[in-house]
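The block underneath contains the structure these notes are about, expressed in structure tokens.
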Amino acid sequence: MPEIRNMTMNFGPQHPAAHGVLRLVLEMDGEVIERADPHIGLLHRGTEKLAEAKPFNQSIGYMDRLDYVSMMCNEHAYVLAIEKLLGVAPPLRAQYVRVMFDEITRILNHLMWLGAHGLDIGAMTVFLYCFREREDLMDCYEAVSGTRMHATYYRPGGVYRDLPDQMPQYSSSKWHNDNEVGKLNSDRQGSLLDFIDAFVKRFPGCVDEYETLLTDNRIWKQRTVDIGIVEPDRAIALGFTGPMLRGSGVQWDLRKKQPYEVYSELDFDIPVGVNGDCYDRYLVRIEEMRQSARILQQCVDWLRDNPGPVMLDDHKLTPPKREEMKGDMESLIHHFKLFTEGYCVPAGEVYAAVEHPKGEFGIYLVSDGANKPYRLKARAAGFAHLAAMDEMVKGHMLADVVAMIGTMDVVFGEIDR
Amino acid sequence: MKGQKVENIAAIISERFGDAIISQAVDRGELTVVVRAKDVVAVGVRLRDDEQLLFSQLSDLSGIDYLSYGHADWQTHSATDSGFSRGVRRTEPTLSKDIPARFAVVYQLLSMRHNFRLRLKAFLDDDAPRIDSVVDVWPSADWYEREAFDLFGILFNSHPDLRRILTDYGFIGHPFRKDFPLEGHVEVRYDLDKNRVIYQPVSIEKRVLVPKVTREDVRVVKTVEGAEPDA
């Protein structure tokens, strides 16, 4: 009788479907997975330790680089934690701006996810469609912060600056003639809010386009329906949050249940799945994009009608205006102290969580009263999801592993930290 | 209303676990319960299953090293006259007297039924930080405990698979301990002569751009009128 042995296969860390630097050691019985052992940490940068060696504000930029496809949401949790320790709240307009950019970030993240997930399991076209809209949202990032990804826009006490009155425009070059540039610029004649308004009007149609490509597509359904089913109780026990949890039918969204900023003022719905498989999680995320567009519309309307400060006026925490600094000694001292030493935060510990596009992103922050955090721990949604990899892929085929990685929406910046 | 809820849960917990609790505090609207390390599994099971608590999810688990808690680099009350490092205190950090032990494990629990968060904390022995694993109570603890082991060297009894998780294969030391230098001990580079990647002692020099200071006198005072800090 021939001896039959399981085969061990190494998947990644350089595999295009591994979404970065995931190394999976798979024990296979033929084409069926017996055991999966994810090896992570190939992108470990020690963000939390680095943050312990810097004044509070200097780590905001590191937060962008955790989950590098939903940058501002990471900043948001960190900034909320600092504000909670200090006991301050930003002005109302800043809260609306933050919510607006959180939702822009959610759409950015879900578009990236949809494109990459589609590409992983054979749908080439949807990637190009998604990146078309992502480009516009990146321009919004650029308009407020000057960078297209790592914005460092949220600050304790508000946001760095108010929304620009003029949306930057493209200029023609030898690659883009006047006609093309004119089309690109047609929505950019007014302010940033006008641009977002136009985007929100057109975006539901774009989501319809993605859905025509995928939702009833026979191949898409064969690859995702009944793949990676997680029961609701098990999902909670495994620490699932966000669309992974809602895909299993658990109604849990921090924006509704533990509202932060102005989410309690806004009107939106929380989609939940029924079967807890990859297809339901796909539907949940698609619907979340539509709901985000709804929230965006409400934020745009409010921000148009309510001008005001976007940063606290307390110069123990926020830097004074450049102009004031030139003439006022007190402002100069404040500026100097803030940028050489930073501000001291009262001793204590807090956990601040936001509904990140991937799930619950929490910052556990311990301060001993100094100008640097004593301990910072980032709770990344993807970490808990990937920990359940073994359980989810057991008994599935090798090809389904790729679908599973896609449905988890893993990004190694936040998992490895 | 929110404040009342915290009080209610705090009362329930002190009633249920009176003997296992070392201290219990509500700070900034968050409830922190410190328990004895040996009781953590027993307390965890009851926190999860008790009808009035139902902490069904472990959101996060992290280690803490309290070695340099409250230790500042710079004594700001003495005037100095010679350059940037003038006031920097060169003493080795020692454990503050207010802290019961060097290492602690912190559990962030979430009750979805009652929509409430709880922070559970257990201090460990200094010499051999060791605590029972809660994987059987909350399965999500698996990787979090591996991480705490990797970064802090905290051992978890009866954990099914306590391996390093974030650091390099063959890494030595526990990098998030406060006595582990920020720049590390070894660095990696590709050696052209040997045609392979080699490890060598780290060449980065330790430098502190902004010293850690603690000031009691400067505090943020103002909040926006009418706006309440998030509870």
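Just so you know, the protein sequences line up as chains A and X, in that order. Oh and the first sequence: position 300 is 299 in numbering that gives the first Met the number 0, straight run, nothing missing. Oh and the second sequence: position 208 is 207 in numbering that gives the first Met the number 0, straight run, nothing missing. Even glycine gets a Cβ: it sits at the ideal position worked out from N, Cα and C.
Secondary structure at A:Gln13: coil, using DSSP grouped into helix, strand and coil.
Assignment of beta-bridge partners to A:Leu110 by DSSP yields no partner.
Collapsing the DSSP output to three states places X:Phe102 in a strand.
In this structure, X:Leu46 lies near X:Leu52, with their beta-carbon atoms less than 7 Å apart. Counting only runs of at least 4 residues, the segment 42–109 of chain A fully encloses the following alpha helix (DSSP H) elements, listed from N- to C-terminal order: 46–51, 59–63 and 70–85. According to the DSSP assignment, X:Val196 belongs to the beta strand (DSSP E) that extends over Arg195 to Pro200. For A:Asp36, the CB contacts under 6 Å within the same chain, skipping 5 residues up- and downstream, are Val24 in chain order. A direct Cα-Cα distance of roughly 44 Å separates A:Asn178 from A:Ser263.
In the DSSP annotation of this structure, the continuous segment of the alpha helix (DSSP H) that includes A:Arg280 starts and ends at Cys277 to Asp304. At a cut-off of 7 Å between beta carbons, X:Arg35 makes no contact with chain A. With respect to the 7 Å criterion, A:Val206 and A:Pro231 are not classified as neighbours on the basis of their beta carbons.
Closer than 7 Å at the C-beta level to chain X, one finds these residues of the segment 372–389 of chain A: Tyr373, Arg374, Lys376, Arg378, Phe382, Ala383 and Ala386.
A direct Cα-Cα distance of roughly 29 Å separates X:Tyr143 from A:Glu287. Looking at A:Thr104, A:Ile3, A:Tyr259 and A:Ala80, the one whose alpha-carbon comes closest to that of A:Met148 is A:Thr104.
Among the residues of chain X, those whose CB is under 7 Å from the CB of A:Gly40 are Ile164, Leu165 and Thr166, following chain order.
Straight-line spacing of the CA atoms in X:Leu108 and A:Asn274 works out to 26 Å. Contact check for X:Pro92 and X:Leu66: beta-carbon distance about 6 Å, within the 8 Å limit, so the pair qualifies. Secondary structure within the segment 132–206 of chain A: the alpha helix (DSSP H) runs of 4 or more consecutive residues, fully enclosed, are 177–184 (chain order). Taking 7 Å as the cut-off, the beta carbon of A:Ala351 is found no closer than this to the beta carbon of A:Gly368. The beta carbon of X:Phe155 does not come within 7 Å of any beta carbon belonging to chain A, so the residue lies off that interface. Residue environment for X:Asp160: exposed (fewer than 16 other C-beta atoms within 10 angstroms of its C-beta). For the beta strand (DSSP E) assignment, the uninterrupted runs of no fewer than 3 residues enclosed by the segment 114–141 of chain X are, from N- to C-terminal side, 115–123 and 129–131. Interface annotation for the segment 53–64 of chain X against chain A: Ser55, Gln56, Leu57, Ser58, Asp59, Ser61 and Ile63, criterion Cβ-Cβ distance under 7 Å.
Here X:Leu123 really is in contact with X:Ala103; their C-beta atoms are around 7 Å apart, less than 8 Å.
Here X:Val34 is bridged, per DSSP, to X:Ile20 and X:Ala121. Under a 10 Å Cβ-count criterion, A:Met71 is classified as buried, with 16 or more other Cβ atoms of the shown protein chains found around its own Cβ. Each residue's CA atom was taken as its position, placing A:Gly361 and X:Asp192 some 46 Å apart. A residue is called buried once 16 or more other Cβ atoms fall within 10 Å of its Cβ, and A:Glu260 is buried on that count. At least one CB of chain X lies nearer than 7 Å to the CB of A:Asn370. For X:Lys211, the C-beta contacts it makes with chain A under 8 Å involve Ala369, Asn370 and Lys371, in order along the chain. In this structure, A:Met391 places its C-beta atom within 7 Å of the C-beta atom of A:Gly227. Within chain X, the residues placing a beta-carbon under 7 Å from that of A:Glu340 are Val209 and Val212, ordered along the chain. Using a Cβ distance threshold of 7 Å, A:Val365 and A:Glu340 do not count as a contacting pair. Using a CB distance below 9 Å, no part of the segment 2–18 of chain X faces chain A. Note on A:Trp174: under 16 other CB atoms within 10 angstroms of its CB, so exposed under the neighbour-count rule. Relative to A:Gln296, the option among A:Asp415, A:Glu322 and A:Phe100 whose CA is nearest is A:Phe100.
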